[in-house]
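Throughout the sequence shown, residue numbering follows our numbering, covering 1 to 313 in sequence.
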Amino acid sequence: MITLLSGGTGTPKLIEGLRHVVKDEELTVIVNTADDVWWNGLYISPDVDTVLYLFANILDTDKYWGIRGDTFHALNQLSKYGAEWTWFSVGDRDLATHIIRTYLLKKGYKLHEVVKYLSEKMHVKATILPMSNDRVETMVKTNKGSMNIQEYLVRFKAEPEVYEIKFPGLEKAKPAPGVIEAIERADMLIIGPSNPVNSIGPIISLKRVKEKLTRLKAPIIAVSPIISGKPVSGPADKFMRALGYEPSPIGIVEIYKEFLDGIVIDVVDRSLAKVIMDKYRVKVKVANTIMVTLKDKVKLAEEVLDFAKRMKQ
Ligand code: GDP
């Protein structure tokens with residue numbers, strides 16, 4: 001079994017490639033829920049939905065959120081009613097997911113049960129696990145004030161300066177049922193190229209998760225989301241700097257150093273390989289890590305698997 005830790009963009013791209021190399025049944029994805037939001041009375045789990053839609057083959061892979069070809073009539077109508085947060089686009093078919101999820105949560109089901117239910121209904125063969133059933137938020141302190149992560153990313157387009165990132169609820173949050181087992185039973189654990197601060201950070205900060213990762217015998221491999229000092233998309237560089245890390249593969253290794261065995265870095269960063277290996281004792285694989293075409297994604301997935309398999313020998 002391959003276990004992945006995922007946010008909602010970088011790792012899903014890698015998963016797209018992995019799906020051409022291994023069966024979906026062999027993949028377990030632990031997904032960040034710290035950027036979940038309540039939106040006009042509905043509970044939205046953006047990263048989980050991206051992963052769900054990906055495995056259901058309906059993800060809009062131009063944007064990495066929402067359902068391909070969706071329409072936005074409900075959103076337009078909601079705007080006319082003066083609904084809140086209409087800058088956060090929710091498509092009509094996507095809306096159905098949020099309605100049923102909220103309905104089931106209100107009936108007393110736990111988030112992991114709802115995700116399992118939705119996975120079954122969408123014929124998903126992979127195991128998708130929300131990182132926690134407990135409510136965790138991500139708040140960003142900026143020069144425009146303190147705001148929720150979705151406000152920062154979507155409404156303010158990740159433009160304000162970032163001073164601090166906080167995760168209310170994270171300290172008390174427990175891993176969802178299945179999360180610890182998915183780490184323990186993994187033959188390899190892949191930390192995809194997701195934002196190390198706001199996507200992977202909350203997962204590895206959960207009670208018992210870091211401890212399990214530190215003790216894991218199976219190889220733990222990360223793919224750097226930072227290439228030549230910049231993320232491919234999103235504010236990972238700003239967030240890393242705000243936490244005192246340099247935005248580079250070295251900063252990524254710093255964040256994961258307690259448990260990381262290997263990292264895949266981009267060819268343009270190859271000069272950093274020696275420092276990573278000598279200073280951190282982390283193995284390095286240099287590869288083309290920019291995933292635009294399906295071919296790029298499959299090639300990188302093959303290289304990550306090959307790297308992890310060699311590490312076991
Ligand atoms: P979010 O949940 O939408 O914030 O997305 P993630 O945290 O999963 O992914 C955001 C990260 O993905 C950014 O830091 C990007 O640098 C990284 N990323 C996106 N596309 C690529 C790519 O093609 N290659 C690599 N290496 N990283 C990527």
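Glycine included, every Cβ here is placed at the ideal spot set by N, Cα and C. The model shown is predicted, which means the values in this text are computed figures rather than measured ones.
- Taking the Cβ of residue 290 as the reference point, at least one heavy atom of ligand 1 falls within a distance shorter than 6 Å.
- Contact between residue 231 and residue 225 holds: their C-beta atoms lie close to 6 Å from each other, under 8 Å.
- Sequence-distant Cβ neighbours of residue 54 in its own chain, meaning closer than 7 Å and more than five residues away, are 12, 15 and 16.
- Non-local beta-carbon contacts of residue 251 in its own chain, meaning distances under 6 Å to residues more than five positions away in sequence, involve 240 and 245 in chain order.
- For residue 266, the enclosing beta strand (DSSP E) begins and ends at 262–266.
- For residue 278 against residue 228, the beta-carbon gap comes to about 21 Å, at or over 8 Å, which does not count as contact.
- Annotation for residue 286: 265, 267, 270 and 273 place their beta carbon closer than 7 Å to its own, counting only its chain and skipping 5 residues before and after.
- Taking the CA atoms as reference points, residue 76 sits about 46 Å from residue 257.
- DSSP lists no bridge partner for residue 108.
- Taking each of 282, 129 and 260 in turn and checking the Cα distance to residue 27, the smallest one comes out for 129.
- Under the DSSP definition of a beta bridge, residue 89 lacks any partner.
- In the structure shown, the three-state DSSP call for residue 253 is helix.
- A straight-line Cα-Cα distance of about 10 Å links residue 302 and residue 308.
- Shown here, residue 81 sits in coil according to DSSP, grouped into three states, outside any helix or strand.
- The Cβ neighbour count for residue 292, taken over all protein chains shown within 10 Å, is under 16; the residue is labelled exposed.
- In the structure shown, the three-state DSSP call for residue 114 is helix.
- Annotation: residue 11 is outside any beta strand (DSSP E); the continuous alpha helix (DSSP H) that includes it extends over 10–18.
- Distance from the C-beta of residue 262 to the nearest heavy atom of ligand 1 is not below 6 Å.
- Contact annotation: residue 78 and residue 86 have beta-carbon atoms nearer than 7 Å.
- One alpha carbon belongs to residue 40, the other to residue 284, and they sit about 45 Å apart.
- The three-state reading of DSSP puts residue 145 in strand, counting E and B together.
- Residue 293 has its CB no nearer than 6 Å to any heavy atom of ligand 1.
- Under the DSSP definition of a beta bridge, residue 131 lacks any partner.
- Under DSSP, residue 3 forms a beta bridge with 28 and 189.
- Excluding five sequence positions before and after residue 202, the CB atoms of its chain that fall closer than 7 Å to its own CB belong to 32, 34, 131, 136, 167 and 170, given in chain order.
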